[in-house]
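Okay, structure first, notes after.
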Amino acid sequence: MDIITNPEMADAAPTPHQPPVIRREDYKPFPWLLPVTRLNFELGVETTRVTSTLSVERNPAGDASPTITLNGDGISALTIRIDGKQTSEWTMDGGNLLLPLPGASHEIEIVTEIDPSANSQLMGLYASNGMLCTQCEAEGFRRITFFPDRPDVLSTYTVRMTGSQDQFPVLLCNGNKSAEGVGENGTHWAEWHDPWPKPSYLFALVAGDLVVNRGSFTTMSGREVELAIYVRDGDLDRTGHAMASLIKSMKWDEETFGREYDLDVFNIVAVSDFNMGAMENKGLNVFNTKYVLADPDTATDGDFDGVEGVIAHEYFHNWSGNRITCRDWFQLSLKEGFTVLRDQLFSQDMQGEAVKRIEDVRILRSVQFPEDSGPLAHPIRPDSFREISNFYTSTVYNKGAEVIRMMRTMCGPEAFRKGTDLYFDRHDGEAATCEDFILAMEEGAGLDLTQFRLWYSQAGTPKVDIAMAHDGDTATLTVKQTVPPTADLADKLPMPIPLKIALFNRETGKHEGEHLIVLNAAEQTFEFGGFAQPPVLSVNRGFSAPISIERDVPDEDLVFLAAKDDDSFARYEAMQDLIVRHLTAASGGALDDSAREAARMAIAQAFGSILSDDALDDSMRGELVMLPGLTYLAEQQLIADPAAIHTEREGLKAWLGARFESELVLIHQRVSKLPFGLDSASRGARKIKTQVLVYLAAGNPELASKMAAAQYNAADNMTDRQGALMVLTGLGTAARTDKLIDFHRRYKGNELVVDKWFALQASSLHPHAIEHVKALAEHPDFTMRNPNRVRSLYMAFAANPQAFHAADGEGYKIIADLILALDPINPQTAARFVPSLGRWRRIEPARAAMMRAELERIAKSDSLSRDTFEQVTRSLG
1 MDIITNPEMA
11 DAAPTPHQPP
21 VIRREDYKPF
31 PWLLPVTRLN
41 FELGVETTRV
51 TSTLSVERNP
61 AGDASPTITL
71 NGDGISALTI
81 RIDGKQTSEW
91 TMDGGNLLLP
101 LPGASHEIEI
111 VTEIDPSANS
121 QLMGLYASNG
131 MLCTQCEAEG
141 FRRITFFPDR
151 PDVLSTYTVR
161 MTGSQDQFPV
171 LLCNGNKSAE
181 GVGENGTHWA
191 EWHDPWPKPS
201 YLFALVAGDL
211 VVNRGSFTTM
221 SGREVELAIY
231 VRDGDLDRTG
241 HAMASLIKSM
251 KWDEETFGRE
261 YDLDVFNIVA
271 VSDFNMGAME
281 NKGLNVFNTK
291 YVLADPDTAT
301 DGDFDGVEGV
311 IAHEYFHNWS
321 GNRITCRDWF
331 QLSLKEGFTV
341 LRDQLFSQDM
351 QGEAVKRIED
361 VRILRSVQFP
371 EDSGPLAHPI
381 RPDSFREISN
391 FYTSTVYNKG
401 AEVIRMMRTM
411 CGPEAFRKGT
421 DLYFDRHDGE
431 AATCEDFILA
441 MEEGAGLDLT
451 QFRLWYSQAG
461 TPKVDIAMAH
471 DGDTATLTVK
481 QTVPPTADLA
491 DKLPMPIPLK
501 IALFNRETGK
511 HEGEHLIVLN
521 AAEQTFEFGG
531 FAQPPVLSVN
541 RGFSAPISIE
551 RDVPDEDLVF
561 LAAKDDDSFA
571 RYEAMQDLIV
581 RHLTAASGGA
591 LDDSAREAAR
601 MAIAQAFGSI
611 LSDDALDDSM
621 RGELVMLPGL
631 TYLAEQQLIA
641 DPAAIHTERE
651 GLKAWLGARF
661 ESELVLIHQR
671 VSKLPFGLDS
681 ASRGARKIKT
691 QVLVYLAAGN
701 PELASKMAAA
711 QYNAADNMTD
721 RQGALMVLTG
731 LGTAARTDKL
741 IDFHRRYKGN
751 ELVVDKWFAL
761 QASSLHPHAI
771 EHVKALAEHP
781 DFTMRNPNRV
791 RSLYMAFAAN
801 PQAFHAADGE
811 GYKIIADLIL
821 ALDPINPQTA
831 ARFVPSLGRW
841 RRIEPARAAM
851 MRAELERIAK
861 SDSLSRDTFE
871 QVTRSLG
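FYI, the UniProt record's numbering numbers position 16 of the sequence shown as 16, with every residue one higher than the one before it.
What follows is the structure, given as structure tokens:
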């Protein structure tokens, strides 16, 4: 996988200590401006020499300082020159270089040498399969050269790269290529200039032997932009969807937000060794191969959507992140929350609003809601941190997007566009703050966001309790809200919460229109007239606010909404509420046999109406019948028993699978006759086909095994083949072994598909999943050096409700062992596994004690990285 195969060559993690707390209120502008940065790279896999030349001048907005502090991490200077003269008058403060500068302006030249091959952290400049590439966000640039590595220091960059023509025939950097030529001894060089000032975290460099898919785009002002996607030889035929997605993104951003691209070229490079999904470096986006490579034989429909969405996200950053960046890392949601919303709106337009909205909410509830209720809870704009890499979270990204979406809901799309136009115009070329965005929305969109600012400063998911009374022809809603205490703040103020609602006539199944009510107090009442009979309330339509709702409504109302609500999300939500209500009560021992039967019959009534609704497209049908996940179910209980929840969930699945066996089989037969296509109808058919097998596998395993094996054999696409194999991995049949062997043999040369092979087994509900995971960790294709491979095995396992929460604690031990083994190699990836153990306070006592014990074992390590140290100590509280 990686150039590094010797564990002794891994980066050493620092000795654990209490890292200093960085506070938002302590922000001060950097004392120096860096209008121009020139970099020269003499490239080599084991030795790269970097010469940086910095033009610096005093910042009139900053405090006067006799020195300049340049951040460094694991590097040392070979020579330092100030105004052309070599100097030894410098000191070190930890990894940082302090240089005395007596004048108003100076030129600093620093030479460093680094070893990309030894960089297993994949931060800074590192080697991947013979290629050199960078990842600098958030603080990776300081691993390349000494520099004020903070987002508010903006500079124009000119970069010259020299390297072997044979080893590095492609030399890429930010901006536009200004010159190139042939050097001595088989080398060549290229010079790139980026005219747009940017912070160091947006710097990027790639050098390697790559092939390219070229395209072009004509902007709305008539400029021709050259587009290029660079990949390893052999991957070129899987880049067509990425190129099409890029072109659609550029067109959509012009039409929807008025944003035009501003360079002559836009380059994307796919890298297999990458900590994140992708990186928006100016003009040179570096991507995890997972979000570039796709064709029907190797990528699922979900993979295609992922490529399209991430391509869009990184491109949209050109304005919401690059042209306007963050003043400091506390403002991270300024660029990430806003850009997530932009990519969500794009994907809704490309894929359909209804299903996309449900998918986005499912992610929020399964990842962000638990984060908001646990020891790692933080506002979307944190007030302090110790390690910034730990705040690239679902709260900052996904909840941040929901917060800005609420602004759009309250003012409407047209006014929202006026607000974003003002924001872009006012702050172009600046390092801005969340407050700058809020002010632009107030002025441009006409919103009063005084109270709304609480969404930026208060952590926790608001709880809204709704009760409805009917008197005469009036329906009265009494709405109460609370924001639960979190580790950073116990007492919270009421938040402004926009709620879209509709009141249905029980007899006609219709409503007279949707209402938007905005909560702004702890308790409020709202009256609606014209109802001779009590109406059925549809609430939080479109998921208008990221909240949890409590309401005491009869099952028959939820069955009604699951069948008749004209808001797709509200219809989905009614079905989810019906199931959640049953499973949480049953797993908590609150249902006797008759109550259990009554609850199941209500679910069956709604389930049957969904299966038989000819007006539903199959994609939406697949969403409506999908059971809520264990994490979300556990969030509904103060203290959860994972085993009890899992047992009840599987029991309901088996009951529905058996009860509706004939209907499910007919659906499978119907959609199996359809030819492969990438249109929405074909994609929906594949989605419901897999859901059918999931229910049949629980209700009639023998039948499901035969159907899944047949589907696998007949599959002409990865979605069908993976769906069939997913079902088979949970069954103890001969077909399971046969198809796993065939799948690996068929795709063993494709890293991304082999990742699927690992993940399917690690997430399987097979009773021997733990033994399978241990064996897979010893498989020749497994490596700790590739984040994708590590995540495919262990992140999938940590999400396995049965195996991870094994009664003997073995699942917890496996993840703790992984964290300890991975932390010296790749701290950033290791730290992301800690939250799976950090939810111990919400788990029943026996398992909670074992989870906490594993965290304590990790904490006792004498060589934890700052990333993992912070996550573990916060999780322990």
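Here a beta-carbon is modelled for each residue, glycine too, at the ideal position from N, C-alpha and C.
query                                                                                                                                                               : result
Using C-beta distances below 6 angstroms, list every residue in its chain close to Thr218, excluding the 5 sequence neighbours before and after it, in chain order. : Glu224
Using three-state DSSP, classify Thr298 as helix, strand or coil.                                                                                                   : coil
Could you pull out every unbroken beta strand (DSSP E) segment of at least 3 residues lying fully inside the stretch 568–628, listed in chain order?                : none
Give a yes or no on contact between the stretch 503–511 and the stretch 525–539, applying the rule of three or more CB pairs nearer than 8 angstroms.               : yes
Do you know how far the Cα of Leu171 is from the Cα of Asn185?                                                                                                      : 17 angstroms
Arg381 and Cys434 - do their beta-carbons sit closer together than 7 angstroms?                                                                                     : yes
Starting from Gly419 and walking both ways along the alpha helix (DSSP H), at which residues does that stretch end?                                                 : Pro413 to His427
Taking Cβ positions, are Ser384 and Glu751 nearer each other than 7 angstroms?                                                                                      : no
Would a C-beta distance cut-off of 7 angstroms place His646 and Pro801 closer than the cut-off?                                                                     : yes
Hey, out of Arg238, Gly283 and Gly277, whose CA is closest to Glu226's CA?                                                                                          : Gly283
I need the boundaries of the beta strand (DSSP E) containing Val211, first residue and last residue.                                                                : Val211 to Thr218
How would you write the range of the alpha helix (DSSP H) that Arg789 sits in, first residue to last?                                                               : Pro787 to Val790
Counting Cβ pairs closer than 8 angstroms, one from the stretch 338–347 and one from the stretch 239–259, do we hit at least three?                                 : yes
Nearest-angstrom Cα distance between Ala654 and Gly732?                                                                                                             : 16 angstroms
Is there contact here, the stretch 636–646 with the stretch 616–625, by at least three beta-carbon pairs under 8 angstroms?                                         : no
With a 10 Å radius around its C-beta and 16 neighbouring C-beta atoms as the bar for buried, classify Met726 as buried or exposed.                                  : buried
Beta carbon of Ala697, beta carbon of Ala704: below 7 angstroms?                                                                                                    : yes
When burial is assigned at 16 or more other CB atoms within 10 Å of the CB, is Leu293 buried or exposed?                                                            : buried
Tell me whether residue 892 is buried or exposed, calling it buried when 16 or more other Cβ atoms sit within 10 Å of its Cβ.                                       : As shown, the chain starts at 1 and ends at 877. That puts residue 892 outside it, with no answer to give.
Exposed or buried, which one is Asp862 when buried takes at least 16 other CB atoms within 10 Å?                                                                    : exposed
Counting only the same chain and skipping the five closest in sequence on each side, list residues whose C-beta sits under 6 angstroms from that of Leu449.         : Ile438 and Glu442
List in chain order: all unbroken beta strand (DSSP E) runs of 3+ residues lying wholly within the stretch 84–119.                                                  : 91–93, 96–100 and 105–114
Terminal residues of the continuous beta strand (DSSP E) containing Gly472?                                                                                         : That residue, Gly472, is in no beta strand (DSSP E); it is neither H nor E in DSSP.
Are Val559 and Ala615 touching if we call contact CB-CB under 7 angstroms?                                                                                          : no
Alpha carbons only, please: which of Val21, Met851, Phe833 and Thr829 is nearest the one belonging to Ala807?                                                       : Met851
So Phe146 is in the beta strand (DSSP E); what residue range does that whole segment cover?                                                                         : Counting along the chain, Phe146 falls outside any beta strand (DSSP E), and DSSP gives it neither H nor E.
In the DSSP assignment, find the unbroken alpha helix (DSSP H) run with Tyr695 in it and report its ends.                                                           : Ser680 to Gly699
Under 7 angstroms, do residue 880 and Leu43 count as touching if we go by C-beta distance?                                                                          : Because residue 880 is not part of the residues shown, which for the chain are 1 to 877, the question remains open.
If the criterion is Cβ atoms closer than 7 angstroms, does the pair Ala586 and Glu648 meet it?                                                                      : yes
With respect to the alpha helix (DSSP H) encompassing Trp655, which residues constitute its N-terminal and C-terminal limits?                                       : Pro642 to Arg659
Kindly indicate the opening and closing residues of the alpha helix (DSSP H) around Gly723.                                                                         : Met718 to Thr729
Identify which residue in Asp209, Thr156 and Leu210 has its Cα closest to the Cα of Lys198.                                                                         : Thr156
Tell me which residues share the same chain as Arg49 and place their Cβ nearer than 6 angstroms to its Cβ, disregarding the 5 neighbours each side in the sequence. : Glu42 and Glu113
Answer with buried or exposed for Pro102, where buried requires no fewer than 16 other C-beta atoms within 10 angstroms of its C-beta.                              : exposed
Less than 8 angstroms between C-beta atoms, sequence neighbours within five positions excluded: which residues of the same chain meet that for Asp262?              : Trp196, Asn318 and Arg323
Taking the alpha helix (DSSP H) that Met350 belongs to, which residues open and close that run?                                                                     : Leu332 to Gln351
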